[in-house]
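Residue numbers (this note's numbering), protein chains in the order written: chain B, 184 to 565; chain A, 6 to 408. Even glycine gets a Cβ: it sits at the ideal position worked out from N, Cα and C.
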């Protein structure tokens, strides 16, 4: 296969070679069920314990606070539904720019007697202070605000939000799937009750994630059965993926600060080029992940542009991967007050570990060419 | 050459077949796309791989690929099937029927539904571990909405009469779920004929990877479920979450191999199981748990009276076996499955599950027989109870002094 330049690192990432090496024995001779008490099982149990410590260390948590799940979606569902199951129906507040796997569980609660309140964001995609104050006055029971947005890359001031939500008596959860590995993430410093992580966004495998959970929080499990993960998540552990997740966390946290500087430099070059084409780059006024550039060009449909870029050898996204099939404009942009016509033009470029300066230069040139071609077509049509 | 410990715990998990691992590895290297990415070939090729695997899984069980929903494993499939159906059909009734010998993933799920206001009947089994159809019929109420019965028991390997149960349920308009985690590759499953509405599958019991399973959801007549995991709307909205391509590819390949090789393989495994049984059956006070005829060839569950199961497992460390299912082996309670067969605590505590698989050899079986004979003899020599039995004392008539 001709390999296009991959610029969609917020959708998923290639497995880190060291992660793959660490996983392979667990797809081979070390195949035990971690619940078995013989040697095969004990090996698997020890490997899971190691991975749990690695994940915990990467995010400043204690190993006993890490609950492994099948991925970020499950971890988000587990916190929101699991917390709600331990409470009387009340108010659940989630930001207007959450990933569907936070928004949809919250909507499920709304079908079960809860009141769902979306927290507005400002034009740059940050939690709107006035609306936030109003949410707190309404005494929410559960609040979920993502640490980093998957489309704009905007970082929320989760430490402050969590402290205020706690003071108002709420349980606070943050989806940190996009933040892990791209920015320093510290569970204690954030002061949240629950935090969602995913392996495949940081060079780990698909099929593993975690909910980091404050030990004082009681949750009802989503999946009942053999009682694995302290009863919070039953099912035979996916040892190979968990081992890979642990190693990926270790690698990511070791280089996160250096890599953030490098990616920010690449993005700066990218955005200079994008801005030069007359694009509007979203959320530049906010603190953002260093790898994400979300932009729209007046008069050029996002899907069309991404399709042309694909044929020219660049893989990027027009929305988040999970809703790529959906022609609706990005909900994140709509929530920021971006007009639907412009939001439909949005393109997301997300950089990662393997992205080089040459990739960015080539992309900038490729983008300019595609945009010019599309503009010429439009001009002919008029 | 024997390699230790000898693995005879194939019902806990199986090694990944090397052919499966080989198919998975490209998806751990250059092919890393998110199958939901629609805007570039990384996503398209992953999506195609996922759909090819769906066909392979459907082919093993006589289903349409559109009836296969990916999950993280059989535990999740069981949760999704049981909670999903109960919640969707709760307007029709609130009664659920299952069996005392089901896997915890079913029993705990049904218990959870009981806490939410559903009512449940846990059926007894016969002494051979099989469900009596008359007992099932008698338990059905006008408000019964769901019956869940496993195809193959994980501890004793007995095969329940799924076809007959299906007829009964379909006749009454009751949704029928079957946990087939232990069945794939061991017994023929033809969902085109079986009147089963929902069926759970696992990859790692059939030489595929851990962390992936599937749920069959019948299209005709259509069965509806409430999703349990919400988000991006993957799997037609029934199960959100990014699909783990390499694991799905692995499950597809594992099921393809099972379909092609299961008949020859099961004949070989049956011969090994019979060899093990022949080697052990002449020992004194040995009891096979569960019906030997309606049983997968892979399983032999034996109680060695007057020997404590945990001490026995410690004494035969060269052989990796279990005293119950892996999921409950962390607890020291006697197996609830054996208790349901009417075995007393003592005998239930003295049981060992041997499960044989693709890579088991005759040499390993012979070694295991020798080892067991030696060690059981030793342990019994140390047992005062065994001594009394040898002297002809009926233990049931002994008045034990209280301490």
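Which first and last residues belong to the beta strand (DSSP E) in which residue i is found?
i              : result
residue 268(A) : No beta strand (DSSP E) holds residue 268(A); the alpha helix (DSSP H) holding it covers 250-285.
residue 292(A) : 291-293
residue 281(B) : No beta strand (DSSP E) holds residue 281(B); DSSP gives it neither H nor E.
residue 373(A) : Looking at the DSSP string, residue 373(A) is not in any beta strand (DSSP E); the run it does join, the alpha helix (DSSP H), is 367-386.
residue 405(A) : Taken as a continuous stretch (DSSP letters only), residue 405(A) belongs to no beta strand (DSSP E), as it is neither H nor E.
Which residues bound the alpha helix (DSSP H) around residue i?
i              : result
residue 306(A) : That residue, residue 306(A), is in no alpha helix (DSSP H); its beta strand (DSSP E) goes 304-309.
residue 377(B) : Unbroken run through residue 377(B) is the beta strand (DSSP E), 377-381; no alpha helix (DSSP H).
residue 434(B) : 422-459
residue 354(A) : 350-354
Helix, strand or coil for residue i, going by three-state DSSP, please let me know.
i              : result
residue 393(A) : helix
residue 32(A)  : helix
residue 204(A) : strand
residue 229(B) : helix
residue 126(A) : strand
residue 392(B) : strand
residue 359(A) : strand
residue 333(A) : Summary for residue 333(A): the model assigns pLDDT 49, below 50, so the residue's position carries little reliability; its value from the coordinates is reported in the next sentence. Residue 333(A): helix per DSSP, three-state reduction.
residue 174(A) : helix
residue 182(A) : strand
residue 93(A)  : helix
residue 327(B) : strand
residue 546(B) : helix
residue 218(A) : strand
residue 464(B) : strand
residue 209(B) : helix
residue 74(A)  : strand
DSSP beta-bridge partners for residue i?
i              : result
residue 343(B) : Partner(s): none; residue 343(B) has no beta bridge.
residue 366(B) : 363(B)
residue 301(B) : 277(B)
residue 49(A)  : Answer is none; residue 49(A) lacks a bridge partner.
residue 373(B) : Beta-bridge pairing links residue 373(B) to no other residue.
residue 515(B) : Looking at the DSSP assignment, residue 515(B) forms no beta bridge with any residue, so it has no partner.
residue 153(A) : 182(A)
residue 164(A) : 157(A)
residue 239(B) : None; residue 239(B) has no bridge partner.
residue 327(A) : 358(A)
residue 533(B) : 191(B), 475(B)
residue 14(A)  : 360(A)
residue 235(A) : Answer is none; residue 235(A) lacks a bridge partner.
Are there 16 or more other CB atoms within 10 angstroms of the CB of residue i, so buried, or fewer, so exposed?
i              : result
residue 121(A) : exposed
residue 494(B) : exposed
residue 384(B) : buried
residue 158(A) : buried
residue 283(A) : exposed
residue 286(A) : exposed
residue 398(A) : exposed
residue 403(A) : exposed
residue 383(A) : exposed
residue 75(A)  : buried
residue 539(B) : exposed
residue 563(B) : exposed
residue 39(A)  : buried
residue 264(B) : buried
residue 272(B) : exposed
residue 156(A) : buried
Under a CB-based cut-off of 9 angstroms, is residue i close to chain A?
i              : result
residue 512(B) : no
residue 417(B) : yes
residue 265(B) : no
residue 187(B) : yes
residue 194(B) : yes
residue 212(B) : yes
residue 503(B) : With a pLDDT of 48 at residue 503(B), under the threshold of 50, the modelled position of that residue is not reliable, and the figure given next carries that caveat. At least one chain A Cβ lies under 9 angstroms of residue 503(B).
residue 507(B) : Confidence in residue 507(B) is poor, its pLDDT being 47 and thus under 50, which makes the residue's placement too unreliable to answer from.
residue 203(B) : yes
residue 291(B) : yes
At a Cβ threshold of 9 angstroms, is residue i touching chain B?
i              : result
residue 116(A) : yes
residue 110(A) : yes
residue 14(A)  : yes
residue 211(A) : no
residue 219(A) : no
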